[in-house]
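Participant:
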Amino acid sequence: MTLRAVAIGVGHYLPERIVPNSEFEKTLDTTDEWIRSRSGIERRHIAAEGETTSHLATHAARAALADAGCEADDIDAIIVATSTPDLTFPSVATMVQGQLGMTRGFAFDVQAVCAGFVFALANANALILSGQAKRVLVIGAETFSRIMDWTDRATCVLFGDGAGALVLEAQDGKGANADRGILATDLNSDGSHREMLYVDGGVSTTQTSGYLRMQGNALFRKAVEKLASTAETALFKAGLEDSDVDWIVPHQANIRIIAGTAKKMGISMDHVILTVQDHGNTSAASIPLALSVGKARGQIKPGDLLVTEAIGGGLAWGSVIIRW
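Following the working numbering, the numbering of the sequence shown begins with 216 at its first residue and continues without gaps.
#1: How is W249 classed by DSSP in three states: helix, strand or coil?
#2: Look up N469 in the DSSP assignment and say whether it is helix, strand or coil.
#3: Using alpha carbons as the reference points, say which of E240, S498 and P517 lies closest to L412.
#4: What's the gap between the Cα of D364 and the Cα of S507?
#5: With DSSP as the reference, please indicate the residues paired to Q386 in a beta bridge.
#6: One question on the structure: do E384 and V221 come within less than 8 angstroms of each other, judged by their Cβ atoms?
#7: Look up P235 in the DSSP assignment and say whether it is helix, strand or coil.
#8: For C285, I'd like the list of residues in its chain whose CB is within less than 8 angstroms of its CB, leaving aside the five on either flank, ordered along the chain.
#9: For Q312, count neighbouring C-beta atoms within 10 Å of its own C-beta (all shown protein chains included) and say buried if the count is 16 or more, exposed if not.
#10: List the endpoints of the continuous beta strand (DSSP E) containing I293.
#11: Count the CB pairs spanning the region 235–248 and the region 517–528 that are closer than 8 angstroms, and state whether there are at least three.
#12: Hey, A449 and T490: beta-carbon distance below 8 angstroms or not?
#13: G255 by DSSP, collapsed to three states: which one?
#14: Less than 8 angstroms between the beta carbons of A380 and I343, yes or no?
#15: With which residues is E357 paired in a DSSP beta bridge?
#16: Within a Cβ cutoff of 6 angstroms, which residues of the same chain sit near D291, ignoring the five residues on either side of it in sequence?
#17: Terminal residues of the continuous beta strand (DSSP E) containing N403?
#18: Please name the residue or residues paired with S458 in a DSSP beta bridge.
#19: Within a Cβ cutoff of 7 angstroms, which residues of the same chain sit near L373, ignoring the five residues on either side of it in sequence?
#20: I think S501 touches H466, with their Cβ atoms under 8 angstroms apart; what is that distance to the nearest whole Å?
#21: Check whether the Cβ of L381 lies closer than 8 angstroms to any Cβ atom in chain B.
#22: Specify, as a first and last residue, the run of the alpha helix (DSSP H) that A308 falls within.
#23: Regarding A263 and the ligand MN, is the C-beta to nearest heavy atom distance less than 7 angstroms?
#24: Among M429, Q430 and D415, which residue has its Cα nearest to the Cα of T423?
#25: Going straight from the alpha carbon of G388 to that of L398, what length do you get?
#26: Label A281 either buried or exposed according to how many other C-beta atoms from any shown protein chain fall within 10 Å of its C-beta, with 16 as the threshold for buried.
#27: Measuring CB to CB, does V296 end up less than 8 angstroms from T309?
#28: To the nearest angstrom, how far is the alpha carbon of A262 from that of G377?
#29: Expressed to the nearest angstrom, what Euclidean distance is found between the alpha-carbon atoms of A477 and V333?
#30: Comparing C-alpha positions only, which one of L442, K452 and E357 sits nearest to G390?
#31: Answer with buried or exposed for T299, where buried requires no fewer than 16 other C-beta atoms within 10 angstroms of its C-beta.
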């Protein structure tokens with residue numbers, strides 16, 4: 216028998232306020248058509264004043280726990296992927312732990328920007344396979360609206376706020392790629408490309424949170440190449456091929472990147488879970504949001520083979536193959 220980290224519950228949360236593209240026309244030299252044509256984004260959710268990343272994460276966590284039929288104290292570990300924590304410390308994960316009333320286990324954050332949820336899944340998988348945890352709550356949560364330069368039309372129209380969560384449980388498998396659960400992971404980073412996507416502030420530099428800065432065209436070219444490559448590598452590790460994939464559940468950054476990656480893999484867009492039009496780029500939250508929405512729509516079903524892939528600042532990128 217082979218131990219597997221199996222998804223048993225998923226959930227998400229989005230702030231109430233919805234901002235359509237048309238709202239940006241009032242303050243920026245942009246249009247709804249310009250934003251749609253370049254990104255595929257039509258609207259995004261923005262957190263209310265006083266609504267923090269830990270609040271969004273806790274709502275998503277409760278939804279995932281309910282879907283899994285679990286209580287907070289059934290969880291051994293919480294991992295939160297975020298680049299927009301409430302505070303410098305403590306971690307968002309421990310704040311979620313407290314808000315859930317979880318009195319056992321451990322909690323920590325992972326920071327790999329838009330690739331954060333993939334990195335968190337890989338860490339959760341390792342905890343389960345090593346026997347350090349039986350059930351892990353993995354959350355991606357962001358309030359990127361708090362690090363936007365609202366005068367920069369190239370970036371501020373692209374991002375939104377939200378959270379998604381997944382409950383992973385240790386279960387026995389047969390050691391074959393027909394097993395349910397995480398079948399393979401692939402993680403990468405290259406610090407020489409820092410200037411493509413970064414925030415121009417921080418504790419030990421400016422003592423401020425700073426604003427997001429991005430070289431969009433350069434990042435686009437890197438993204439398609441690296442996302443397709445990491446997905447192919449993870450599939451190879453699992454002993455699977457592109458034709459075995461039921462759904463790509465990508466980081467929802469830009470419809471052109473998503474379509475370019477699917478094309479490079481030879482997979483039809485009919486087999487891609489899309490939420491970018493409704494959520495914008497929610498960074499580490501985008502993959503778990505898409506998983507939750509995909510399940511709620513009836514697209515993702517038990518036994519489906521999923522490829523999740525993402526790239527973010529660092530640059531950091533990676534993929535996880537999951538049998539649902």
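Built from N, CA and C at the ideal position, the CB exists for glycine as well.
Facilitator: Well, looking at it:
#1: Taken through DSSP and simplified to helix, strand or coil, W249 comes out as helix.
#2: In this structure, N469 counts as coil in the three-state DSSP scheme.
#3: Nearest C-alpha to L412 among E240, S498 and P517: S498.
#4: Inter-residue distance for D364 and S507 is about 29 angstroms (C-alpha atoms, whole angstroms).
#5: DSSP, once it has assigned bridges, lists R219 as partnering Q386.
#6: By the CB criterion at 8 angstroms, E384 and V221 fall inside the cutoff.
#7: Three-state result, P235: strand.
#8: Once the five neighbours on either side are set aside, the close Cβ partners of C285 are I223, G224, R350 and V382.
#9: By the 10 Å Cβ count, Q312 comes out buried.
#10: Start and end: A292 to A296.
#11: They do not touch, by the three-pair rule.
#12: No; because the gap between Cβ atoms is not below 8 angstroms, this pair is not in contact.
#13: Here G255 carries a coil assignment [DSSP, helix/strand/coil].
#14: In this structure, I343 does not lie closer than 8 angstroms to A380 by Cβ.
#15: Answer is G377, bridged to E357.
#16: Setting aside the 5 residues that flank it on each side, D291 is surrounded in the same chain by G320, A348, K349 and R350, each with a C-beta closer than 6 angstroms to its C-beta; the list follows chain order.
#17: Per DSSP, the unbroken beta strand (DSSP E) holding N403 starts and ends at G396 to S404.
#18: Among the bridge pairs identified by DSSP, S458 is matched with none.
#19: Cβ contact annotation for L373 (same chain, cutoff 7 angstroms, sequence separation greater than five): S254, I256, G495 and N496, in chain order.
#20: Contact holds; Cβ gap of about 5 angstroms.
#21: Among the chains of the structure shown, chain B does not appear; only one protein chain is present.
#22: For A308, the enclosing alpha helix (DSSP H) begins and ends at V307 to L315.
#23: This structure simply doesn't include the ligand MN, nor any ligand for that matter.
#24: Ranking M429, Q430 and D415 by CA distance to the CA of T423 puts D415 first.
#25: Rounded to whole angstroms, G388 and L398 show a C-alpha spacing of 10 angstroms.
#26: With fewer than 16 other Cβ atoms from the protein chains shown falling within 10 Å of its own Cβ, A281 counts as exposed.
#27: Looking at the sequence shown, residue 296 is not Val but Ala. No; because the gap between Cβ atoms is not below 8 angstroms, this pair is not in contact.
#28: Spanning the two alpha carbons is a distance of roughly 8 angstroms.
#29: Approximately 18 angstroms between the Cα atoms of the pair.
#30: Ranking L442, K452 and E357 by Cα distance to G390 puts K452 first.
#31: In this structure T299 is buried. Its beta-carbon is surrounded by 16 or more other beta-carbon atoms within 10 angstroms.
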